[in-house]
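Peer 1: All residue numbers in the sequence shown are consecutive under our numbering, ending with 541. The structure's right below; bear with me while I get my questions together.
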Amino acid sequence: MRLWTFLRPFPYDAQRYVLEVSLTFSKTQARLFRDEELLAEQSHAYTEGPATFVFNLPHGLISDLPDALSDEVLGVVSEGVHGDSGESNQKRSAQLMAGFDNGGSLAIAVTEGGRTVYESHPGRSLQVDRSSVQTVASEEAPGGLSVEQMTQLSQRKWQRNKYSIYADMALGALFFIVGKVTEDLALAALIGAAAGLLLVAAQRFVKVDLLGGFAVFGTIMLLISAAFSLALQDDYWVQMKGTVLGLLTASLFMIDGLLRRGAYFGARIERYMPLPLHHDRIAIGMSLVGVVMAVANYYVANHFTEDFWLTWTTFLDLPLSMALFYAVIFWARKRSADEPYHGS
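Written out as structure tokens, the structure is:
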């Protein structure tokens with residue numbers, strides 16, 4: 198059963214192609230058409246994590262392509278389209294590459310003879326992105342790395358991720374400042390969410406990655422937190438907000454860890470870490486931390502005074518959560534260069 202279908206038309210070599218991607222309950226199905234002729238199709242299970250669509254286009258002369266309309270797509274496949282091996286040497290191999298970017302839109306590129314002749318997101322070549330992921334995968338194996346190599350690895354990760362980290366820090370700082378000045382956490386959450394939405398819109402106009410961290414997820418959680426605060430202003434539910442939101446967040450982390458091998462949350466947490474981690478383990482581990490902290494908040498709120506609950510939330514729960522976090526990092530770290538890389 199199809200839940201949603203995305204169409205991405207594009208011209209190539211004086212012919213019209215359409216990439217169709219359909220989302221079902223368990224997998225993504227992709228089909229490439231030329232006019233109304235089906236050239237290739239492939240399906241990809243969600244549990245296999247994210248990747249990039251790669252289709253070999255029929256060989257043709259190098260051509261300049263006009264801009265295509267942009268849609269949104271989520272998916273991962275690699276499939277070839279049979280071409281004539283007797284083509285003239287003057288004709289070069291061509292590929293269509295498409296993938297779901299952090300801004301939620303389809304980034305599509307057509308390359309011919311190794312040269313990009315069209316890209317929907319200039320400056321963010323999918324071919325470069327895919328090769329960089331493979332390079333990082335080989336670079337980030339922890340076995341046998343010296344201190345200097347680890348330092349160089351950390352510097353490369355910082356250069357790759359610094360703008361998304363800046364975005365996360367800015368949203369967090371905005372929420373803290375507004376909350377301190379106004380003493381209204383609901384208002385602070387709404388302003389933080391509005392800033393996050395502006396960040397999502399800005400991503401479409403800049404080449405650097407602003408949303409690779411937790412900016413989008415943080416924006417959504419700020420909206421939920423604000424709605425919770427506005428709807429339930431009783432003192433008891435103020436205390437219970439940490440439990441409700443904690444269990445919600447833990448559920449999302451667990452789904453990501455079990456069904457998507459940590460492709461979203463696990464990969465983003467690793468951006469902040471100086472060592473490579475198993476994405477599925479870090480997502481599952483953080484989910485368990487969330488459950489423990491949510492249950493602890495519930496127990497304290499229902500069995501102790503409000504003054505003690507304030508002391509708990511202000512001073513005591515942070516050391517516990519940090520200890521659990523480091524335990525999860527210890528469990529999720531990669532101990533051998535031979536272990537597979539669950540990159541995204």
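From the three backbone atoms N, C-alpha and C, an ideal C-beta is built for every residue, glycine too.
In angstroms, rounded to a whole number, what distance separates the CA positions of Gln400 and Ser361?
Peer 2: Computed Cα separation, rounded: 10 Å.
Peer 1: Let me confirm a value: Lys531 is counted as buried when at least 16 other C-beta atoms fall within 10 Å, else exposed. Which label applies?
Peer 2: By the neighbour-count rule (16 or more Cβ atoms within 10 Å), Lys531 is buried.
Peer 1: Just list the residues that DSSP pairs Arg213 with in beta bridges.
Peer 2: Arg213 is bridged to Pro208.
Peer 1: Identify, in the order they occur along the chain, each residue of the same chain with its Cβ nearer than 6 Å to the Cβ of Pro206, setting aside the five sequence neighbours on each side.
Peer 2: If we look at Pro206 and ignore the five residues flanking it on each side, its Cβ neighbours are Val215.
Peer 1: Taking 8 Å as the cut-off, decide whether the C-beta atoms of Thr446 and Met418 are in contact.
Peer 2: Yes, the pair counts as a contact, with Cβ atoms nearer than the cut-off.
Peer 1: Shortest alpha-carbon distance to Ser290 belongs to which of Met451, Val375 and Thr308?
Peer 2: Per the Cα distances, Thr308.
Peer 1: Return the residue from the list Leu235, Trp434, Asp365 and Pro255 that minimises the CA-CA distance to Val499.
Peer 2: A small correction: the amino acid at residue 499 is Asn; Val does not occupy that position in the sequence shown. It is Trp434.
Peer 1: Do Phe252 and Leu229 come within 8 Å of each other at the CB atom, strictly closer than that value?
Peer 2: Yes, they are a contact pair.
Peer 1: Could you pull out every residue in the same chain whose Cβ sits closer than 8 Å to the Cβ of Gln212, ignoring the five residues on either side in sequence?
Peer 2: Excluding sequence neighbours, Gln212 sits near Arg231 and Asp232.
Peer 1: Quick one: is Tyr496 buried, meaning 16 or more other Cβ sit within 10 Å of its Cβ, or exposed?
Peer 2: By the 10 Å Cβ count, Tyr496 comes out exposed.
Peer 1: Using DSSP bridges, identify the partner residues of Trp201.
Peer 2: DSSP lists Leu220 as partners of Trp201.
Peer 1: For a test of the three-state rule: what should DSSP assign to Ala460, helix, strand or coil?
Peer 2: Residue state, collapsed to three classes: coil.
Peer 1: Does DSSP put Pro516 in a helix, a strand or coil?
Peer 2: Pro516: helix per DSSP, three-state reduction.
Peer 1: Which class does Ala265 belong to by DSSP, given the choice of helix, strand or coil?
Peer 2: Interpretation of Ala265 is limited by its pLDDT of 40, a score under 50 that renders its predicted location unreliable; the figure taken from the coordinates is listed afterwards. Of the three classes helix, strand and coil, the one that applies to Ala265 here is coil, per DSSP.
Peer 1: If contact is defined by three or more beta carbon pairs under 8 Å, each pair taking one atom from either stretch, is the segment 485 to 493 in contact with the segment 435 to 444?
Peer 2: Verdict: yes, contact present.
Peer 1: Could you tell me which of Tyr363, Ile388, Ala364 and Arg458 sits nearest to Phe372, measuring between CA atoms?
Peer 2: Selected option, being the one with the closest Cα: Ile388.
Peer 1: Do you know whose CA, among Glu238, Asp381 and Gly415, lies nearest Asp396's CA?
Peer 2: The displayed chain sequence assigns Leu, not Asp, to residue 396. Comparing Cα positions, the closest option is Gly415.
Peer 1: What residue range is occupied by the uninterrupted alpha helix (DSSP H) comprising Leu507?
Peer 2: Glu503 to Thr508 is the span of the alpha helix (DSSP H), which, as asked, contains Leu507.
Peer 1: Give the straight-line distance between the Cα atoms of Tyr363 and Pro255, rounded to the nearest whole angstrom.
Peer 2: Using only the alpha carbons, I get a separation of about 43 Å.
Peer 1: For Gln226, which residues of its own chain have a beta-carbon under 6 Å away from its beta-carbon, when the five flanking residues on both sides are left out?
Peer 2: Excluding sequence neighbours, Gln226 sits near Ser219 and Ser240.
Peer 1: What residue range does the alpha helix (DSSP H) around Val488 cover?
Peer 2: Per DSSP, Val488 belongs to the alpha helix (DSSP H) from His476 to His500.
Peer 1: Please state the DSSP three-state secondary structure of Val251.
Peer 2: DSSP places Val251 in strand when its eight states are reduced to three.
Peer 1: According to DSSP, simplified to helix, strand and coil, what is Val314?
Peer 2: Reduced to three states, the DSSP call for Val314 is strand.
Peer 1: Along the chain, where does the beta strand (DSSP E) that runs through Leu235 open and close?
Peer 2: Element bounds for Leu235: Glu234 to Ala242.
Peer 1: Go ahead and label Asp432 buried or exposed: buried means 16 or more other beta carbons lie within 10 angstroms of its beta carbon, across all protein chains shown.
Peer 2: The residue in question, Asp432, is exposed, as its Cβ has fewer than 16 Cβ neighbours within 10 Å.
Peer 1: Skipping 5 residues on each side, what residues in its chain have a beta carbon closer than 6 Å to that of Glu467?
Peer 2: Answer for Glu467: Leu474, listed in chain order.
Peer 1: Return the residue from the list Asp514, Met519 and Thr508 that minimises the CA-CA distance to Met483.
Peer 2: Looking at the Cα atoms, Met519 is the closest of the given residues.
Peer 1: From the DSSP secondary-structure annotation, give me the bridge partner or partners of Ile305.
Peer 2: Ala295.
Peer 1: Take the Cβ of Thr379 as the centre, count every other Cβ of all protein chains shown within 10 Å, and call the residue buried at 16 or more, exposed below.
Peer 2: With fewer than 16 Cβ atoms within 10 Å of its Cβ, Thr379 is classed as exposed.
Peer 1: Which residue or residues does DSSP assign as beta-bridge partners of Phe522?
Peer 2: Per DSSP, none; premise fails for Phe522.
Peer 1: In angstroms with no decimal places, state the Cα-to-Cα distance between Ser426 and Thr249.
Peer 2: The straight-line gap from Cα to Cα measures roughly 40 Å.
Peer 1: Here's the rule I'm using: 16 or more other beta-carbon atoms within 10 Å means buried, otherwise exposed. How should Gly310 be labelled?
Peer 2: Exposed: under 16 other Cβ atoms inside 10 Å.
Peer 1: Classify Leu472 as helix, strand or coil using the three-state DSSP reduction.
Peer 2: Looking at Leu472 - three-state DSSP - the assignment turns out to be coil, as it is neither helix nor strand.
Peer 1: Out of Gln352, Gly376, Glu503 and Phe450, point me to the one whose CA is closest to Ala480's CA.
Peer 2: Among Gln352, Gly376, Glu503 and Phe450, the Cα nearest to that of Ala480 belongs to Phe450.
Peer 1: Can you look up Arg465 in the DSSP assignment and give me helix, strand or coil?
Peer 2: Residue state, collapsed to three classes: helix.
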